[in-house]
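Numbered by the working numbering, the letters in the sequence shown go through residues 256 to 575 in order.
Think of the CB as a built atom: it goes at the ideal place given N, C-alpha and C, for glycine as much as any other residue.
Only one structure is covered here, and it is reproduced in the block below.
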Amino acid sequence: MKWGIGLFLAILLLTGCNSGNSFTKINKSEPFLATVNIKDTSLTFIDENYHPFAKWDISEPFTGALLMADKDTILLYGKEMEKVQVYSLSAGKLINSWEIGKGIVNMQLLRDGKSIVAVNQSNHSIHFLNADGEEQDIVKVGKSPLTVLQGEQANRLYVINFGDIKCSVINLETKKVDFEFPVHSSSTGSLLREEKDEIWIGGHGDGDQVEEDLYIYSAKTGELKKKLKAPTMPIKFLENAEGIFVLSHGTSSLYKLNDQYEEVKSKVVGVNPFEMANFNEDVVVAGYDSDEVYVMDAETVDVKKTIKVGEGPFQLMLRE
């Protein structure tokens, strides 16, 4: 009898442990917008009608997520994490982990759908991985790299070094730095417009001097072509059929520019917004300190809907 009770309790314990590691399963065919919430280390999933339908609470100090080419596998990474955690959305569970080491602050999937770049601030390098997490190459860049952009026409990777005053340009065929060009300090946020020979770069500013401008460089040569007023701390850019949008962290404002780079609309949105994305022909903004997502009309920049999410939405992940 005692043996039977002990077995029953053991089964209960094991069941409890397994359920603690499983999450709401996300249907493979379901489009979503997900927020990566770094204060409570959670993911909030929102459907096409802007209704939250699942939340994953994960006990890992992650700061970012990457959706893989199969549209089902996601990678969770963070500067203080020893391993990249690999999850299946449809299974709702952890399926693998990659031993990469601490320092990863950004991960991007290259256009071939097979290669991953991992930005490592601990060793100031870009790690090239395959789809199984195996390291293929490491390229040294400037101090504290943060933002990466893939150029399609020249097959380049632009690396903006937050702790340096240069942008490193990697040849994706040779996996070597082709050239570097000077940029302003504490640079972050970017928009690559190859057809215009432009790379837009924003930033926080240096020390007590907050950034009040965005800078437009030549994507081919790195030459500074233009500076635009963008108060205060322009840290995110995106472009769609309606125009170019600039998100400023310091003013908690979204600015819309026309083809002549003139401001045509603006709106205060959220508290300390860090991230925005195109979704459903809208512009979606995440308010880091308001724990909300704001659905903005791309034409008028009016707020269409406000959605409560987890604490500290820092990144947006889309599946369309």
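Anticipated Cβ contact below 8 Å, residue i with residue j, distance rounded
{"i": "K430", "j": "V394", "result": "6 Å"}
{"i": "F417", "j": "W455", "result": "Actually they do not touch by this definition, with Cβ atoms about 16 Å apart."}
{"i": "L483", "j": "L469", "result": "5 Å"}
{"i": "W353", "j": "G388", "result": "3 Å"}
Whole-angstrom distance between residue j and residue i, CA atom to CA atom
{"i": "L322", "j": "D546", "result": "22 Å"}
{"i": "L331", "j": "V548", "result": "21 Å"}
{"i": "K481", "j": "T402", "result": "20 Å"}
{"i": "K310", "j": "M336", "result": "21 Å"}
{"i": "E467", "j": "N410", "result": "31 Å"}
{"i": "K560", "j": "Q570", "result": "18 Å"}
{"i": "L446", "j": "C422", "result": "13 Å"}
{"i": "L344", "j": "I313", "result": "13 Å"}
{"i": "D452", "j": "K348", "result": "43 Å"}
{"i": "D295", "j": "E566", "result": "5 Å"}
{"i": "A346", "j": "V424", "result": "38 Å"}
{"i": "I371", "j": "V341", "result": "13 Å"}
{"i": "Q515", "j": "I355", "result": "44 Å"}
{"i": "H382", "j": "P316", "result": "21 Å"}
{"i": "V339", "j": "I301", "result": "24 Å"}
{"i": "A320", "j": "L573", "result": "10 Å"}
{"i": "M488", "j": "E390", "result": "35 Å"}
{"i": "A373", "j": "M362", "result": "4 Å"}
{"i": "L268", "j": "N276", "result": "Summary for L268: the model assigns pLDDT 40, below 50, so the residue's position carries little reliability; its value from the coordinates is reported in the next sentence. Distance between the alpha carbons of L268 and N276 is about 13 Å."}
{"i": "Y305", "j": "F278", "result": "20 Å"}
{"i": "I329", "j": "A541", "result": "20 Å"}
{"i": "Q408", "j": "S503", "result": "29 Å"}
{"i": "G525", "j": "V564", "result": "13 Å"}
{"i": "D367", "j": "Y472", "result": "26 Å"}
{"i": "E575", "j": "N375", "result": "29 Å"}
Range covered by the beta strand (DSSP E) that runs through residue i
{"i": "E458", "result": "The sequence given here places Gly at residue 458; Glu does not occur at that position. Where G458 is concerned, the enclosing beta strand (DSSP E) stretches over 453-458."}
{"i": "V519", "result": "518-523"}
{"i": "T328", "result": "328-332"}
{"i": "A553", "result": "Run containing A553: none; DSSP gives neither H nor E here."}
{"i": "G444", "result": "442-448"}
{"i": "F278", "result": "Neither: F278 is in no beta strand (DSSP E) and is coded neither H nor E."}
{"i": "K294", "result": "From DSSP, K294 is part of no beta strand (DSSP E); its letter is neither H nor E."}
{"i": "R574", "result": "568-574"}
{"i": "M531", "result": "528-534"}
{"i": "L383", "result": "The amino acid occupying residue 383 in the given sequence is Phe; Leu does not appear at that position. First-last of the beta strand (DSSP E) with F383: 380-384."}
{"i": "T561", "result": "558-563"}
{"i": "N426", "result": "421-426"}
{"i": "T402", "result": "400-406"}
{"i": "E354", "result": "348-354"}
{"i": "K484", "result": "479-484"}
Short Cβ contact (8 Å threshold) for residue i with residue j
{"i": "N292", "j": "P486", "result": "no"}
{"i": "S399", "j": "I420", "result": "no"}
{"i": "G406", "j": "E449", "result": "yes"}
{"i": "L298", "j": "A324", "result": "no"}
{"i": "P307", "j": "I562", "result": "yes"}
{"i": "N535", "j": "E303", "result": "yes"}
{"i": "V556", "j": "G505", "result": "no"}
{"i": "K326", "j": "K283", "result": "yes"}
{"i": "I415", "j": "V432", "result": "no"}
Contacting residues, own chain, Cβ-Cβ under 6 Å from residue i (five flanking each side not counted)
{"i": "Y510", "result": "V501, E518, S521"}
{"i": "N527", "result": "Y543, D544"}
{"i": "T443", "result": "L401, T402, F417, G458, I490"}
{"i": "L404", "result": "Y413, S445, L447"}
{"i": "S508", "result": "S521, V523"}
{"i": "S377", "result": "K357, G358"}
{"i": "I499", "result": "L512"}
{"i": "I350", "result": "V341, S343"}
{"i": "N477", "result": "A small correction: the amino acid at residue 477 is Gly; Asn does not occupy that position in the sequence shown. Closer than 6 Å at the Cβ level, and outside the excluded window around G477, lie F436."}
{"i": "F529", "result": "Y543, F569"}
{"i": "S274", "result": "With a pLDDT of 39 at S274, under the threshold of 50, the modelled position of this residue cannot be trusted; read the value that follows with caution. Contacts found: none."}
Same chain, Cβ closer than 8 Å to residue i, neighbours up to 5 away in sequence not counted
{"i": "T318", "result": "V291, I293, Y332, G333, K334, V360, F569, Q570"}
{"i": "V539", "result": "L288, M531, A532, N533, V548, Y549, V550, M551, L571"}
{"i": "K369", "result": "A324, N385, A386"}
{"i": "S380", "result": "I393, V394, K395, V396, P400"}
{"i": "D537", "result": "V550, M551, D552, A553, K559"}
Spatial neighbours of residue i in its chain, beta-carbon cut-off 7 Å, leaving aside the 5 residues before and after
{"i": "E554", "result": "E497"}
{"i": "L427", "result": "N410, R411, L412"}
{"i": "A474", "result": "G406, L447, E449, D452, E453, I454"}
{"i": "D209", "result": "Outside the modelled stretch of the chain, which goes from 256 to 575, sits residue 209, for which no answer is possible."}
Below-8 Å beta-carbon distance, residue i vs any chain B residue
{"i": "P316", "result": "This model lacks chain B altogether; it includes just one protein chain."}
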